[in-house]
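Okay, structure first, notes after.
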Amino acid sequence: MRIAVPNKGRLHEPTIDLLERAGLHLENGADRKLYADTVDPDVTVLFARAADIPEYVSDGAADLGITGFDQVQEARVDNVSELLDLEFGRCRLVLAAPEDGGIDGVEDLAGKTVATEFPNITADFFAETGVDPDIVEVSGATELTPHVEMADAIVDITSTGTTLKMNRLAVVDEVLSSSVRLFGREDVLDEPKIGEVRTALSSVKHAEGKRYLMMNVPRDRLEAVRDVIPGLGGPTIMDIADEDDGAKVAVHAVVDEGDVFETITEVKNAGASDILVTEIERLVE
-18 MRIAVPNKGR LHEPTIDLLE RAGLHLENGA DRKLYADTVD PDVTVLFARA ADIPEYVSDG
42 AADLGITGFD QVQEARVDNV SELLDLEFGR CRLVLAAPED GGIDGVEDLA GKTVATEFPN
102 ITADFFAETG VDPDIVEVSG ATELTPHVEM ADAIVDITST GTTLKMNRLA VVDEVLSSSV
162 RLFGREDVLD EPKIGEVRTA LSSVKHAEGK RYLMMNVPRD RLEAVRDVIP GLGGPTIMDI
222 ADEDDGAKVA VHAVVDEGDV FETITEVKNA GASDILVTEI ERLVE
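Numbered according to the working numbering, the sequence shown terminates at residue 266, and the numbering increases by one at each position without gaps.
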């Protein structure tokens, strides 16, 4: 099975890091190679341009793909399904125009020109609004086109808005919200290995921002401790091997990282001792 991933750019390193944390360690290195094996002999990684990944999956060159939602929407492939939002690489595709250009709404672009690297998404957006501008596809430096009189407005990706401000462009409307997703070709979605990969990646995402708490608690203080643990479901209660009289039990719980500081104080005040906090690499739900 092949997984297509971005070969460079801002999505490359986070994607490789996610695969590594999910247990799909890359072998033979990845620099300047088209393919890389993983520790799973049935899984190979294919490196491709982020924009080409939807087509690679659709055409059968890969079974799974990791790329931005915007790239899949632009590709207009009809046999690829989203399996998981990987929740990184967040950005917005926005309609923007010069700050002093007199374009304050979508309707002001009727009969005017819009430049973009995403002509399909842009066409869909304007079709929904009922406005019909001339859409011009460009291959880069989209934000410069209004200043060289190539376009009256642009549709482009922004993460922080800094580039737009530097080029004196103001957001008119949001076209699309995007993040990196896991996609699969529809005819292979029932394959066991597809489910294994999805579960592995999902377990990493579920573990993010979570911590594992372990503590010893006098049995007669157990209810008081349970009341202050904001766990997933409820804490796990176990007997302690060396506690012959059963006076103490071990309590384990998964809590949000942001709750750890307050939780430690509260369980200690409730009678817990020997409190240990550890990171969680993967959490399978």
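Backbone N, C-alpha and C fix where the C-beta goes; we use that ideal spot for every residue, glycine too. Fair warning: this is a prediction, and the values are worked out from it, not measured in the lab.
Does the Cβ-Cβ distance between Pro35 and Val20 come in under 8 Å? Position 54 of the sequence shown, counted from the start, is the residue given in the question as residue 35. Position 39 of the sequence shown, counted from the start, is the residue given in the question as residue 20. Not a contact, by the Cβ cut-off of 8 Å.
Taking three-plus beta-carbon pairs below 8 Å as touching, is the segment 204 to 212 in contact with the segment 241 to 248? yes
Tell me, please, which residues DSSP counts as bridged to Asn197. Taking the first residue of the sequence shown as 1, we reach residue 197 at position 216. DSSP lists Ala231, Ser254 as partners of Asn197.
Supposed contact pair Ile102 and Asp51 - C-beta distance, whole angstroms, cut 8 Å: One-based indexing of the sequence shown puts residue 51 at position 70. One-based indexing of the sequence shown puts residue 102 at position 121. About 7 Å separates the two Cβ atoms, so the contact holds.
Endpoints, the alpha helix (DSSP H) within which Asp240 is located: Taking the sequence shown and counting its residues from 1, the one referred to as residue 240 is at position 259. Note, Asp240: premise wrong, no alpha helix (DSSP H); not H, not E.
If you follow the alpha helix (DSSP H) that Leu74 is part of, which residue opens it and which one closes it? Position 93 of the sequence shown, counting from 1, holds the residue named residue 74. Looking at the DSSP string, Leu74 is not in any alpha helix (DSSP H); the run it does join, the beta strand (DSSP E), is 72 to 79.
Would you mind working out which of Thr180, Thr141, Ser160 sits nearest Val152, comparing C-alpha positions? Looking up residue 152 in the sequence shown gives position 171. Comparing Cα-Cα distances from Val152 to each of Thr180, Thr141, Ser160, the minimum goes to Thr141.
Taking 8 Å as the threshold (C-beta atoms), are Leu64 and Ser159 in contact? As a position in the sequence shown, residue 159 is number 178, starting the count at 1. As a position in the sequence shown, residue 64 is number 83, starting the count at 1. No, Cβ-Cβ distance for Ser159 and Leu64 is not below 8 Å.
Assuming Ala91 and Val117 make a contact with CB atoms under 8 Å, what is their CB distance in whole Å? Along the sequence shown, read from residue 1 onward, the residue named residue 91 stands at position 110. Along the sequence shown, read from residue 1 onward, the residue named residue 117 stands at position 136. Rounded, the Cβ-Cβ distance is 16 Å, inconsistent with contact.
Out of Ala251, Val24, Ala122, Asp40, state which residue places its alpha-carbon closest to the alpha-carbon of Leu145. Position 164 of the sequence shown holds residue 145. Ranking Ala251, Val24, Ala122, Asp40 by Cα distance to Leu145 puts Ala122 first.
Less than 7 Å between C-beta atoms, sequence neighbours within five positions excluded: which residues of the same chain meet that for Gly252? Numbered from its first residue, the sequence shown carries residue 252 at position 271. Cβ within range, chain order: Val198, Pro199, Arg202, Ala205, Val206.
In its own chain, which residues sit with a C-beta less than 6 Å from the C-beta of Arg(-17), not counting the 5 before and 5 after it? Your numbering for residue -17 matches position 2 in the sequence shown. These residues qualify, in order along the chain: Thr25, Leu27, Ala43, Asp44.
Alpha carbon to alpha carbon, how far is Leu257 from Ile221? Give it in angstroms, no decimals. Within the sequence shown, residue 221 is the residue found at index 240, counting from 1. Within the sequence shown, residue 257 is the residue found at index 276, counting from 1. In a straight line, the C-alpha of Ile221 is about 15 Å away from that of Leu257.
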